[in-house]
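Below you'll find the structure, written out as structure tokens, and then a few comments.
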Amino acid sequence: MRLITYCYLVYLLAPIVLLLVGAFGDQWSNTLLPEGLTWRWFISVWEETTYRNAMLTTLKLALTTCLINILLVVPLVYGVTLKFPAVAQSITRLLVMLPVAVPQLVIGFAFILAFSTAMLPWLGSPWLLVAGHVVVTFPYLFYTVYADIEASPLKAYERMAQSLGAAEWQRFVHLYLPLVYRSVFTGSLTVAALSIGEFELSNLISGFMTQPYPVVLIQAFYRTTGFACAATLFLLSLALLFSLFSTLVQWRLGRSSSRELPQ
Amino acid sequence: MRLITYCYLVYLLAPIVLLLVGAFGDQWSNTLLPEGLTWRWFISVWEETTYRNAMLTTLKLALTTCLINILLVVPLVYGVTLKFPAVAQSITRLLVMLPVAVPQLVIGFAFILAFSTAMLPWLGSPWLLVAGHVVVTFPYLFYTVYADIEASPLKAYERMAQSLGAAEWQRFVHLYLPLVYRSVFTGSLTVAALSIGEFELSNLISGFMTQPYPVVLIQAFYRTTGFACAATLFLLSLALLFSLFSTLVQWRLGRSSSRELPQ
Amino acid sequence: MIALENIQFHYPHSSVGVHDINLQVETGEFLVVVGASGSGKSTLLQLIAGFLTPLQGRVLLDHQDVTQLSCGERGLGIVPQDYVLFNHMTVLGNVAYPLKVKGVRQGERHRRARKILHDVGLEALEHCYPSQLSGGQQQRVAIARALVFEPRALLLDEPFSALDASRRESMRQELKHIQRQFGVTTLMITHDQEEALMLGDHVAVLEQGKLLQHSAPHQLYTQPVSEAVARFIGRTNFIDAQVLDSQRIETADLGILEVAPHAFTVGQTVRAMIRPEAIIANPASDIANQAPATVIERQFLGAQQRHYLLCGTTTLSLESASPPEIITHVALPPTHIHLFNR
Amino acid sequence: MIALENIQFHYPHSSVGVHDINLQVETGEFLVVVGASGSGKSTLLQLIAGFLTPLQGRVLLDHQDVTQLSCGERGLGIVPQDYVLFNHMTVLGNVAYPLKVKGVRQGERHRRARKILHDVGLEALEHCYPSQLSGGQQQRVAIARALVFEPRALLLDEPFSALDASRRESMRQELKHIQRQFGVTTLMITHDQEEALMLGDHVAVLEQGKLLQHSAPHQLYTQPVSEAVARFIGRTNFIDAQVLDSQRIETADLGILEVAPHAFTVGQTVRAMIRPEAIIANPASDIANQAPATVIERQFLGAQQRHYLLCGTTTLSLESASPPEIITHVALPPTHIHLFNR
């Protein structure tokens with residue numbers, strides 16, 4: 034069993050090590066390993082305006098996607114958990130997960146179809162790109178928050194607070210938000226990581242001026258190996274950063290969940 | 034709350050409806066809706082050898098990916114759950130989920146880098162494509178099976194059977210397999226759905242002769258709207274079929290979980 | 099005062115519920131409703147609390163009809179089975195919360211919460227979080243939270259089921275003391291008959307949604323209205339018999355038994371009950387209703403010893419703190435024999 | 099026969115475990131190990147079962163040293179707390195499974211499984227799945243599975259904790275009968291002292307990993323070796339006293355008390371214990387150790403009534419099935435007073 038894990042690990046990490054070797058190697062042609070150690074590939078990626086702008090676009094896009102997702106998911110989960118009957122809850126869960134089941138290529142093409150018409154000529158607009166990212170990432174935040182709340186004592190809290198005469202806004206603020214903010218936080222980090230790495234949909238619906246980093250990156254693959262590796266490493270680091278942060282936060286909170294935070 | 038769900042639903046389903054309209058519409062140029070109802074787009078997609086072959090490739094690819102995943106995941110989960118100490122379990126869980134955190138673009142480029150060298154000149158080989166799909170889908174099967182087994186009484190069963198003197202192979206066959214086969218089945222359906230819709234990695238590492246359907250499909254976007262819609266609908270139906278089937282099986286089994294299947 | 103008038107309720111597509119319940123809890127009284135799981139006692143509690151609305155009948159609090167009021171408007175202090183403390187608030191925050199939602203200023207609500215925490219002996223723990231408390235302490239916080247806004251009545255849902263057996267005894271005493279100290283009208287539900295007898299000023303027995311008996315603990319134990327109540331409240335011996343006259347019955351194995359005066363008609367078949375601890379082993383010769391007996395099994399229970407005795411073909415169980423070494427005869431004192439219709 | 103010799107075990111980085119345990123269960127005997135949670139009774143069971151290996155000492159089964167054998171090689175029948183039936187196998191499949199892993203042919207193993215299912219009264223349910231059974235039935239399947247391969251001994255881990263209180267009583271009787279019928283050496287652990295007294299031929303009391311006492315139930319209850327055992331097994335009154343001579347002690351509130359002959363030295367301070375049911379209310383004048391008493395609280399418990407009495411400044415609890423209406427005096431019978439070092 035352990036052997037399988039190690040093989041899988043090597044298989045998984047070897048390409049990433051390759052990327053590192055490629056990005057820091059000075060010359061690499063027809064040799065097993067590159068020669069010399071250099072920062073110059075990173076510097077040349079950073080100096081190209083296209084890449085710098087794309088990076089900024091990607092960060093802005095990730096941030097906006099997170100914010101819109103939070104504003105949609107937080108009240109939606111509250112409503113679904115407490116207001117929907119059991120059947121409606123099941124249906125909502127299924128519908129919300131739909132974008133995961135539908136290949137992004139299909140979503141992208143549907144966007145092209147809908148928003149390249151004369152009536153809705155929004156293809157290439159930054160807000161359409163945000164909308165696309167929200168559709169693709171929404172299920173992950175919803176599911177994280179929903180699963181967390183399902184496992185929480187929210188329903189018992191609500192009942193108790195109702196018997197004490199607390200109004201709905203009081204229950205939302207005093208009880209629901211304290212229960213939910215941690216999974217919203219970790220879920221948002223996952224959303225950010227996904228948005229940063231998203232290529233398939235962005236490639237189809239982003240305009241020339243709003244190309245996020247992954248779309249620009251793919252062009253780098255056809256340039257020198259060192260440049261491509263360095264450009265790829267930027268993306269990898271950013272995505273891994275958010276993912277690992279999310280996992281770590283979950284672990285820390287998981288470990289200390291018996292000790293709750295103050296009011 | 035209900036309003037948000039409905040809006041989201043419309044927003045989600047509208048593009049899919051558009052696809053349907055486009056695929057069955059005869060003529061569509063500068064009008065709100067196409068005119069006429071036809072099957073001809075589907076027939077012309079089917080008649081093109083490229084698309085038919087790609088569809089076959091995709092199905093073979095999905096099947097192989099599932100099989101290899103099952104052969105890896107079933108023993109791995111058994112080993113991780115029963116043999117690994119707690120710390121090693123956490124690390125394994127983290128590592129296994131790595132491919133989800135790493136953007137597929139990065140995985141794809143790493144594959145290009147590693148397998149276009151003189152030493153490993155496998156780029157474009159069908160087995161490399163399978164390997165890529167396994168890397169990308171493995172976490173989903175692992176996680177489904179692992180979560181199921183964690184919630185199962187496997188550890189208590191193992192202990193009991195050990196006290197009765199059952200050998201490891203007996204415990205694996207008599208107790209672990211009956212506990213695990215359902216989540217392996219539903220997880221495999223998810224893997225199939227993901228493999229069928231996979232574009233990003235396939236686009237980078239598939240050879241000309243082994244292009245799966247999504248890679249061929251993107252070229253269709255530049256042809257007539259009807260043809261593109263019909264080609265996209267093929268992919269959508271296939272992916273949704275597997276996803277819905279997986280969800281339904283989970284629901285059915287979830288409902289009847291108290292009534293176990295015979296020996 | 100809590101009053102239920104002809105309360106009727108069942109869940110949709112189900113016959114589970116409560117049927118035509120009339121029940122009254124006087125001001126300051128401690129009523130315990132006891133029943134097995136599925137007897138409808140939880141349903142009853144939820145109808146009083148306002149989580150459910152009866153299909154028929156009225157719920158009255160201090161003579162006011164509250165049937166149509168929501169749970170929040172009824173002003174009841176509720177202690178759920180698992181306490182439902184708010185884990186992200188301190189003990190003080192939890193106890194002050196009912197006042198917070200009513201708009202009481204922070205200074206005032208903390209003063210009142212501290213006073214009640216003092217009364218339940220938790221003043222030292224006000225800055226702790228619920229997860230840092232023992233089960234018994236959590237229970238007292240839940241009770242303090244239910245009492246802080248001076249509720250019209252206190253409703254307790256199986257308050258000891260979440261506690262270790264070893265803690266239950268002392269927490270029962272404590273609850274009884276708190277209830278007396280505050281003089282609050284209290285309704286508690288439980289499945290434990292000993293708990294019901296020990297705590298209740300009155301005890302109501304519920305079975306399959308019907309109120310079987312509502313009386314003082316001693317009466318419930320010694321004069322149950324039916325065989326079902328007798329079985330549920332404590333262990334019992336049953337003997338089939340026929341009424342001879344107003345003070346005697348005839349049994350197959352134990353001959354003619356004297357009984358306390360009763361109103362059954364002569365010749366009627368009845369069932370006689372006697373509690374295991376009421377049977378006298380090797381009685382003095384002046385005690386009535388004697389019969390020879392053979393011990394078929396002894397069980398040592400610590401404070402009690404239980405003997406299974408054979409009298410003819412009837413098995414009797416006998417419990418005593420200090421039984422004789424050898425039992426040859428038993429007596430069934432007439433005043434401890436209670437009759438039912440069969 | 100099970101024998102433990104100088105067994106020592108603790109978990110890594112922890113003092114929790116068992117310390118220097120010597121214990122013997124004779125062939126066919128039913129031993130109950132009783133202790134609070136954390137007393138080490140589960141650890142003890144796991145050491146015997148072979149899930150844990152002692153750091154020191156030996157485990158013997160029928161005079162064979164099995165300390166280094168794995169649990170599967172020890173041939174013990176184990177009934178875990180939650181039974182751990184295999185949900186995907188029928189009742190018959192579960193009971194036959196121990197024979198299946200030993201390679202017994204299907205016909206033979208089904209024959210033997212059916213025989214034992216008949217013995218525990220479940221022959222009609224052999225095609226059911228565990229989830230279709232009640233808790234009591236599941237328990238019997240677990241016991242049948244543990245007995246089917248004729249184990250050297252039966253180990254039971256809190257077998258009644260997963261059952262409703264109402265089912266426990268009858269399942270205890272049933273277990274006792276099955277144990278006698280099969281004559282199998284049995285070790286059971288429990289936290290319930292009444293259960294221990296009722297079921298065990300002998301009872302061993304464990305506290306903080308140490309064996310406090312190992313004796314017959316009656317002796318354990320009436321002559322506990324220490325205050326800790328006395329407190330754990332049943333309710334007790336304690337009175338501080340000083341030894342006057344070999345048959346008398348002097349107390350602050352109850353004056354001079356006669357006691358059974360003892361070996362404490364004159365002048366030594368001791369603690370006297372008497373059980374609540376041993377105290378006699380309003381005694382006849384010829385009984386020794388009388389004292390005036392005032393009732394401060396009465397609790398009705400059904401079969402028993404408990405009185406809290408004040409004698410001087412000492413509170414005594416008294417339990418009786420039929421106490422007098424008014425209690426003015428109590429007597430503490432000398433033979434029921436038991437002394438401890440203090």
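Residue numbers (my numbering), protein chains in the order written: chain A, 34 to 296; chain B, 34 to 296; chain C, 99 to 440; chain D, 99 to 440. Cβ atoms here follow ideal geometry from the backbone N, Cα and C, with glycine treated the same way. On a predicted model such as this, the values are computed, not experimentally measured, just so you know.
Assuming Thr413 (chain D) is part of the beta strand (DSSP E), what are its boundary residues?
Its beta strand (DSSP E) spans residues Thr412 to Ser418.
Whole angstroms is fine: what's the gap from Thr165 (chain C)'s alpha carbon to Glu191 (chain B)'s?
So the alpha carbons of these two residues sit roughly 55 angstroms apart.
Can you give the beta carbon distance from Pro257 (chain C) to Met286 (chain C), rounded, assuming they're within the 8 angstroms contact cut?
Contact holds; Cβ gap of about 7 angstroms.
Alpha carbons only, please: which of C:Pro422, C:Leu197 and C:Asp351 is nearest the one belonging to Pro249 (chain C)?
Comparing Cα-Cα distances from Pro249 (chain C) to each of C:Pro422, C:Leu197 and C:Asp351, the minimum goes to C:Leu197.
Can you grab the Cα-Cα spacing for the pair Leu36 (chain A) / Lys200 (chain D), in whole Å?
Computed Cα separation, rounded: 31 angstroms.
How about Thr91 (chain B) and Ser279 (chain B): are their beta carbons less than 9 angstroms apart?
For Thr91 (chain B) and Ser279 (chain B), no; Cβs fall outside 9 angstroms.
Along chain A, which residues have their Cβ under 8 angstroms away from the Cβ of Phe182 (chain C)?
Reading the sequence as shown, one finds Val at residue 182 (chain C) and not Phe. Pro186, Ala189, Tyr190, Arg192 and Met193, listed in chain order.
What three-state label does DSSP hand Met187 (chain C) in the structure shown?
Met187 (chain C) falls in the coil class under three-state DSSP.
Just confirm the distance between the C-beta atoms of Glu224 (chain D) and Arg212 (chain D), as a whole number of angstroms; I'd bet it's less than 8 angstroms.
Yes, Glu224 (chain D) and Arg212 (chain D) are in contact; Cβ-Cβ is about 7 angstroms, under 8 angstroms.
Would you say Gln137 (chain B) reaches chain A, if we count a Cβ-Cβ gap shorter than 9 angstroms as a contact?
Closer than 9 angstroms to some Cβ of chain A, the Cβ of Gln137 (chain B) qualifies, so yes.
Please confirm if Ile103 (chain A) has its CB atom under 9 angstroms from at least one CB of chain B.
No, Ile103 (chain A) lies away from the interface with chain B (no Cβ there is under 9 angstroms from its Cβ).
For a contact meaning CB atoms closer than 8 angstroms, what does Pro48 (chain B) contact in chain A?
Those within 8 angstroms of Pro48 (chain B) in chain A are Ile140, Ala143, Phe144, Leu146 and Ala147.
Keeping to the same chain, check which residues put their C-beta closer than 8 angstroms to that of Pro110 (chain D); ignore five residues upstream and five downstream.
For Pro110 (chain D), where only same-chain residues beyond five positions count, there are no Cβ hits under 8 angstroms.
Residues of chain B with a CB under 9 angstroms from the CB of Ala263 (chain A): which are they?
Residues of chain B passing the Cβ test: none, with the nearest at roughly 11 angstroms.
Do three or more CB pairs link the stretch 165-176 of chain A to the stretch 216-230 of chain A at distances below 8 angstroms?
Yes: at least three Cβ pairs fall under 8 angstroms.
Measuring only the C-alpha atoms, how far is Gly219 (chain C) from Arg440 (chain D)?
If I take the Cα positions, the gap works out to 31 angstroms.
Does the structure place the stretch 236-255 of chain D close enough to the stretch 184-196 of chain D that three or more beta carbon pairs sit under 8 angstroms?
Output reads yes: the stretch 236-255 of chain D touches the stretch 184-196 of chain D.
Could you list which residues in chain D have their beta carbon closer than 7 angstroms to that of Tyr319 (chain C), in chain order?
Ordered by position in chain D, the residues that pass the 7 angstroms Cβ test against Tyr319 (chain C) are Gly400.
Count the other CB atoms, across all protein chains shown, that sit within 10 Å of the CB of Leu142 (chain D); report buried if there are 16 or more and exposed otherwise.
Counting Cβ neighbours within 10 Å, Leu142 (chain D) comes out buried, since at least 16 surround it.
By the 9 angstroms beta-carbon criterion, what residues does the stretch 220-239 of chain D contribute toward chain C?
Taking 9 angstroms as the Cβ-Cβ cut-off against chain C, none of the residues of the stretch 220-239 of chain D qualify.
Considering only the alpha carbon of each residue, which of C:Pro178, C:Val182, C:Ala147 and C:Asn185 lies closest to Leu167 (chain C)?
It is C:Ala147 whose Cα lies nearest to the Cα of Leu167 (chain C).
When the Cβ atoms of the stretch 100-108 of chain C are set against those of the stretch 152-162 of chain C, are three or more pairs found closer than 8 angstroms?
The stretch 100-108 of chain C is in contact with the stretch 152-162 of chain C.
Kindly list the residues whose CB is nearer than 8 angstroms to the CB of Phe241 (chain A), restricted to its own chain and excluding five residues on each side of it in sequence; keep chain order.
Within the same chain, Phe241 (chain A) has close Cβ partners Gly157.
Would you identify the three-state DSSP class for Gln311 (chain C), choosing helix, strand or coil?
Strand at Gln311 (chain C).
Nearest chain C C-beta to Ser216 (chain A) closer than 9 angstroms, yes or no?
Not one chain C Cβ lies under 9 angstroms of Ser216 (chain A).
Leaving out five residues on either side along the sequence, give the residues of the same chain with a beta carbon under 8 angstroms from the beta carbon of Leu261 (chain C).
Excluding sequence neighbours, Leu261 (chain C) sits near Gly233, Gly234, Gln237 and Met269.
Apply the 10 Å Cβ neighbour rule to Leu281 (chain B) and answer buried if 16 or more other Cβ atoms are within range, or exposed otherwise.
So Leu281 (chain B) counts as exposed.
Assuming Leu399 (chain D) and Leu129 (chain C) form a contact by the criterion Cβ under 8 angstroms, report the distance between their Cβ atoms to the nearest whole angstrom.
Between Leu129 (chain C) and Leu399 (chain D) the Cβ distance is about 18 angstroms, and since that is not below 8 angstroms, they are no contact.
Against chain C, which members of the stretch 404-432 of chain D pass a CB distance test of less than 9 angstroms?
Those residues of the stretch 404-432 of chain D that come within reach of chain C (Cβ to Cβ, closer than 9 angstroms) are Arg404, Glu417, Ser418, Ala419 and Ser420.
In the stretch 223-255 of chain B, which residues sit with their C-beta less than 7 angstroms from some C-beta in chain A, listed in chain order?
Per Cβ criterion, the list reads Ala226, Gly230, Phe232, Glu233, Pro247, Leu250, Ile251 and Phe254.
Going by the CB atoms, is the gap between Gly165 (chain A) and Val139 (chain B) shorter than 9 angstroms?
No; because the gap between Cβ atoms is not below 9 angstroms, this pair is not in contact.
I need the DSSP call for Glu103 (chain C), collapsed to helix, strand or coil.
Strand at Glu103 (chain C).
Can you give me the C-alpha to C-alpha distance between Thr265 (chain B) and Ala56 (chain B), rounded to a whole angstrom?
Cα-Cα distance, rounded: 9 angstroms.
Helix, strand or coil for Ser291 (chain B), going by three-state DSSP, please let me know.
A caution first: Ser291 (chain B) carries a pLDDT of 35, below 50, which makes its placement in the model too unreliable to give a value.
Go ahead and label Val43 (chain A) buried or exposed: buried means 16 or more other beta carbons lie within 10 angstroms of its beta carbon, across all protein chains shown.
So Val43 (chain A) counts as exposed.
Are three or more beta carbon pairs between the stretch 346-361 of chain C and the stretch 405-414 of chain C nearer than 8 angstroms?
Yes, the stretch 346-361 of chain C is in contact with the stretch 405-414 of chain C.
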